[in-house]
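Each position in the sequence shown, counted from 1, maps to that position plus 1215 in the numbering used here. Remarks on the structure that follows.
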Amino acid sequence: MQGDGARLGRLAISVGPNDGEWLPTALARIAFEVGLPTKTLVGAVFRPKTSVAQLRHAGNFLRDTAEQDLGDALGWSREQLRTMTMKQFDGKALLFETDLTIKYTHLWARAAGTRFCPDCLRRDPGVFLCSWRLSWVFVCLEHRKVLRDACHKCGIAVADLSLFEDVAAEPGRCSAWIGRGKTGGPCRALLSEAWDEEELEIDAPILRVQRAIFDAMSRGKGIHLVNTLRCNAIALLKARAFGEISTLSATGDQEIRSLLDLPARVGTSAPSESLAMAAVAAASWRLYTDDEASVRDMIRTITFSHPVERNPRSGGHGPGSAALLLSYWPEATHPMQGRILRAIDTDLPHTQRIVWGTAVPEALEDAWFVTRRRASSSEIAPQRQKPQVHSPFLPPLLWRSWAAPWQVGPRGNAETSQRALALAVSLGHQRRLAELQNGPALEGLGRILRRSMLGTEQQATAIIRQIGELAIYLDMQGGPIRYDRRLQLPWQKLLPSQDWLVLAECAHELAGSGPKALNVRRYMYLRLTGQGVGDLPAEWALQGWRASAYNEFVLGLTAQFRDAIDRYLSAFLQAAEEPGPVTWAPPRWRPEGSPLARELYDIDLAPVHGLVSEGEVALWRLADAAGRSENHVEWALAEWPRDGGHEAERHDWLSGSSFLG
Ligand SMILES: [Zn+2]
Ligand SMILES: [Zn+2]
């Protein structure tokens, strides 16, 4: 081990590096200028114990000692040296495996070799930039020209100069060996003398995508962008969408076709020619950033042009499934993933449209992701987390105000319909089909939706969109009621006889014998838990004629009686330390001109209230009077009971009720 004093010290060389210049070619260039073989210069600069691996990968990363040696020998600052290795792009346009090596299987990183700009080389002879070694750099923004991959004379790709070269090698010349035997020799063409090409238009798509890539790299968003571009590029290449690539990138169709239409080009590696790479990147960029409506059809066509795999994958990847179609766009993440899903929305079965949220508008999905991404540290963030399958803020029976406008198909039992729609919302926008596959919830949803419950195509789309919107709303906002906790309330303490007598008196109701108190308890339980009559605890269960008697009780309830009940329930909740509103529903929204059914509030209840006050309990008669479905009338009456005339008296339940004990 040499001490500091034993090192060579400053060499008598005054050649400086250029910003962004790749270290190995910079060393070769300097060696050439002072007339030394590169190997000799390298031997003089680095301490003898420097590992071969460090020397071989000096263009990727410099360890502290190597950095120090270069600084001491050439007088280059550390800051300068850090612009001269590929490490500067780690986490920006490529990823490193270890300090010294790049993950070549990721993000289409190049293993070796470089592109170049002849104009740049003419100005700075022999200066090769680090950025030319990235597959995602294919245009010189300064000269507005596509970079070159190969020597104009021999057509061979530019190879890397070795630091172990024992001749003085000139980096600006082609080092390819041409010819054979005694007639062979290095090409030595000056790369700066390549034939001239026209400048690209200032707004050419390939120039725009290159600017976007550099911009994203400088903002720390490079990985996300190149990952998305790679995803789209693979989809484009596998679908052999050469026409689309050429159109979107504004490059010549024939030229692109000849560069890309190769049997070996399956899209798993980057196109090697810069023009092909530029065209594919530009097309990928536009699928990602152009106005969504203008590229939606193209995204859909590309998805369905993917060659069918011989062995379709299982586990949520069934033929024609969203998961399978999405897998044609590998590692698609937000927001591109949403674009793909929206493009194939109407091709999917209803269940999948709901689970994948394919009808959810772009803006809402963006807002949702901003919220969700805060919890994620990974920039790529392949899939996001959702805390639970059934939101605790969603009742087992969907809120009536939401169920009513979604009820467009054949009508059945009101509660069955509310339950089915709540299930749909609970699965809405989950995007975790594999985990739900074969689960009872998904099967149940499939069964329900098969019964043409969602009406016409337009109605189905409108409902599926709202299901996704409501699922997102609940995930982002939650609600004031935790339905899971309400099941745990001390129900054995609910409305003992002495409380019932007080309550009945306050509401000017006849207390009567057992059945009425029991119905009030049932009503209270279902009102707080959001459940249906089938979910009542065993001791309150309803069978046969008791069920219809209970329904009549609910229909005939007065607003004043219900207010008294709600005041009691409010106190019950407070005493159980589970305060909150007795009931709550998210505010309704509805796009203008939506083909949904009518809103619940949009009903004339006066004739219905009149009939109910006269003792009418046949739902079909009430529905007739309102000109609405039986379910709508049943729900509307539950929301807005008839007027009983006498205001209920108030009672302070929190000081003196038996549920406090
Ligand atoms: Zn240039
Ligand atoms: Zn050559």
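The beta carbon of each residue, even a glycine, is placed where N, CA and C say it ideally should be.
Residues bridged to Arg1363 (per DSSP) | Phe1331
CA-to-CA distance, Pro1486 to Leu1475, given in whole angstroms = 7 angstroms
Can you give me the start and stop residues for the alpha helix (DSSP H) that Ser1473 sits inside?
-> Asp1468 to Leu1475
Verify whether the separation of the beta carbon atoms of Trp1237 and Cys1345 is less than 8 angstroms.
-> yes
Determine which residues share a DSSP beta bridge with Ile1696 and list them.
-> DSSP, once it has assigned bridges, lists no residue as partnering Ile1696.
Out of Gln1552, Gln1645 and Gly1394, point me to the one whose CA is closest to Asn1447's CA.
-> Gln1552
Quick one: does the C-beta of Ala1404 sit closer than 7 angstroms to a heavy atom of ligand 2?
-> yes
Any chance the stretch 1689 to 1701 sits against the stretch 1607 to 1616, with 3 or more Cβ pairs inside 8 angstroms?
-> yes
Simplified DSSP state of Cys1936, which is helix, strand or coil = Given that the chain is displayed from residue 1216 to residue 1876, the structure contains no residue 1936 and the question cannot be resolved.
Could you work out which residue in Leu1579, Ala1493, Val1570 and Pro1794 is closest to Pro1550 when comparing CA atoms only?
-> Leu1579
When every heavy atom of ligand 1 is checked, does at least one fall within less than 7 angstroms of the C-beta of His1358?
-> yes
Could you please give the first and the last residue of the uninterrupted alpha helix (DSSP H) stretch that includes Ile1317?
-> That residue, Ile1317, is in no alpha helix (DSSP H); it is neither H nor E in DSSP.
Sequence-distant residues of the same chain with beta carbon closer than 7 angstroms to Gly1661, five excluded per side = Thr1566
Opposite Ile1393 in the DSSP bridges: which residues?
-> Gly1400
What residue does the alpha helix (DSSP H) around Ile1559 start on, and which one ends it?
-> That residue, Ile1559, is in no alpha helix (DSSP H); it is neither H nor E in DSSP.
How many Å lie between His1861 and Gly1643 at the Cα?
-> 44 angstroms
State yes or no: is the C-beta of Ala1243 nearer than 7 angstroms to some heavy atom of ligand 2?
-> no
State yes or no: is the C-beta of Pro1822 within less than 8 angstroms of the C-beta of Ala1833?
-> no
Return the chain-ordered list of same chain residues with a C-beta closer than 6 angstroms to the C-beta of Gly1693, the five sequence neighbours on each side being excluded.
-> Phe1608
Alpha carbon to alpha carbon, what distance is there between Ile1679 and Val1735?
-> 36 angstroms
Beta bridge counterpart(s) of Arg1388 as assigned by DSSP | Leu1405
Leaving out five residues on either side along the sequence, give the residues of the same chain with a beta carbon under 7 angstroms from the beta carbon of Gly1235.
-> Thr1298, Leu1344, Cys1345 and Ser1346
To the nearest whole angstrom, what separates the beta carbons of Asn1766 and Ser1632, a pair I think is in contact under 8 angstroms?
-> Between Ser1632 and Asn1766 the Cβ distance is about 16 angstroms, and since that is not below 8 angstroms, they are no contact.
Report yes or no: do three or more beta-carbon pairs, one from the stretch 1737 to 1745 and one from the stretch 1803 to 1811, lie closer than 8 angstroms?
-> no
Alpha carbon to alpha carbon, what distance is there between Glu1282 and Arg1363?
-> 31 angstroms
Where in the stretch 1802 to 1834 do unbroken runs of the alpha helix (DSSP H), each at least 4 residues long, occur, reported from the N-terminal end onward?
-> 1821 to 1828
In angstroms with no decimal places, state the Cα-to-Cα distance between Leu1657 and Gly1747.
-> 20 angstroms
Give a yes or no on whether the C-beta atoms belonging to Gly1306 and Val1373 are separated by under 8 angstroms.
-> no
Distance CB(Asp1334)-CB(Phe1276) smaller than 8 angstroms | no
Determine the DSSP secondary structure at Glu1862, reduced to helix, strand or coil.
-> coil
Measuring alpha carbon to alpha carbon, tell me which of Phe1874, Thr1398, Leu1376 and Gly1396 ends up nearest Ser1390.
-> Leu1376
Of the listed residues Met1513, Pro1730, Arg1857 and Ser1292, nearest to Trp1760 (C-alpha basis) = Pro1730
Can you list, in chain order, the residues of its chain whose CB lies under 7 angstroms from that of Pro1794, leaving out five sequence neighbours each side?
-> Leu1788
Tell me which same chain residues have a C-beta within less than 7 angstroms of the C-beta of Ser1484, skipping the five on either side of it?
-> Trp1323
Distance, Cα to Cα, Leu1811 vs Gln1622?
-> 8 angstroms
Boundaries (first-last residue) of the alpha helix (DSSP H) holding Ile1245 | Leu1238 to Val1249
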